[in-house]
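*Asks:*
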Amino acid sequence: GESVGLHLPTLSVQEGDNSIINCAYSNSASDYFIWYKQESGKGPQFIIDIRSNMDKRQGQRVTVLLNKTVKHLSLQIAATQPGDSAVYFCAENSDRGGKLIFGQGTELSVKP
Amino acid sequence: GAVVSQHPSRVICKSGTSVKIECRSLDFQATTMFWYRQFPKQSLMLMATSNEGSKATYEQGVEKDKFLINHASLTLSTLTVTSAHPEDSSFYICSARVGTRYQETQYFGPGTRLLVL
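As they're listed, the protein sequences go chains A and B.
With our numbering applied, the first sequence covers 1 to 112.
With our numbering applied, the second sequence covers 113 to 229.
1. With H, G and I counted as helix, E and B as strand and the rest as coil, what does DSSP make of B/GLU199?
2. Tell me whether B/VAL115 is buried or exposed, calling it buried when 16 or more other Cβ atoms sit within 10 Å of its Cβ.
3. Determine the DSSP secondary structure at A/ASP49, reduced to helix, strand or coil.
4. Would B/VAL210 be called buried (16 or more neighbouring beta carbons within 10 Å of its own) or exposed?
5. Does any CB atom of chain A fall closer than 8 Å to the CB of B/ILE165?
6. Between A/ASP84 and chain B, is the shortest Cβ-Cβ distance under 8 Å, so that the two count as touching?
7. A/SER30 and A/GLU92 look like a contact to me (Cβ under 8 Å); what is the Cβ gap, rounded to whole Å?
8. Give the DSSP bridge partners of B/LEU226, in chain order.
9. Using CA atoms only, rank isn't needed, just tell me which of A/SER52, A/PRO112 and A/PRO9 is closest to A/GLY83.
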């Protein structure tokens, strides 16, 4: 299940299940969104991106959905694997200078 | 994808000393690099935008005299934490922007763990 508290929100799933990680972004003018995966002690790793003129984009085992009406972004991971365990961040870009604003992150834990 | 490196990966220093962290784009040129700070179990907080050949742009609340940024070439940006104190202990991450306006993906370095004693 998913929980929110003083620490990072966590999502625990069983290996092989699908995972859905949600993100609410703040700026209605944002036109570019990115999902990053961060493993412990490492820098964020690019997963997938989407522009505001799209509402869905698929990659390998991942799908990003964008709902501009409610300013919501989600990342779906199919057939989740133990190697998917990490913290996932959404980021939005509304600035011509390229600045990204990061969401709070969700910690995904995959149980074998 | 584009590769960004950071050096050192980990540094321990005494309070009052200065520490320099390097960020390099290995297989591309980056006119813009960004510096972030991340505390445990928290998100990345943008500190400053580093533009090649010009002064860095700092985010509100970030002391420019304490966190000196130099972007002397298209592949190198440095962050110097001057007179470091224990509260500066954190994970510092740089990123480099690649692409055009509509594909402004940022690729991140592996981070530098700073511990100030």
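Glycine is no exception: its CB is placed at the ideal position from the N, C-alpha and C atoms.
Please read these numbers as outputs of a predicted model, since none were measured by experiment.
*Replies:* For this structure:
1. Stepping through the second sequence from its first residue, residue 199 of chain B is reached at position 87. Looking at B/GLU199 - three-state DSSP - the assignment turns out to be helix.
2. Position 3 of the second sequence, counted from the start, is the residue given in the question as residue 115 of chain B. With fewer than 16 other Cβ atoms within 10 Å, it is exposed.
3. As a first step, residue 49 of chain A is located in the first sequence; it is residue number 49 there, counting from the start. DSSP places A/ASP49 in strand when its eight states are reduced to three.
4. The residue given as residue 210 of chain B occupies position 98 in the second sequence. Per the 10 Å Cβ criterion, buried.
5. Here residue 165 of chain B refers to the residue found at position 53 when the second sequence is read from its first residue. The sequence given here places Gly at residue 165 of chain B; Ile does not occur at that position. For B/GLY165, the answer is no, since every Cβ of chain A falls outside 8 Å of its Cβ.
6. In the first sequence, counting from the first residue as 1, residue 84 of chain A sits at position 84. With 8 Å as the cut-off, A/ASP84 does not count as an interface residue toward chain B.
7. Within the first sequence, the letter at position 30 stands for residue 30 of chain A. Within the first sequence, the letter at position 92 stands for residue 92 of chain A. Yes, A/SER30 and A/GLU92 are in contact; Cβ-Cβ is about 4 Å, under 8 Å.
8. Translated into the one-based positions of the second sequence, residue 226 of chain B becomes position 114. DSSP, once it has assigned bridges, lists B/VAL123 and B/SER202 as partnering B/LEU226.
9. On the first sequence, residue 83 of chain A is found 83 positions in, with the first residue counted as 1. Measuring from the Cα of A/GLY83, the nearest candidate turns out to be A/PRO112.
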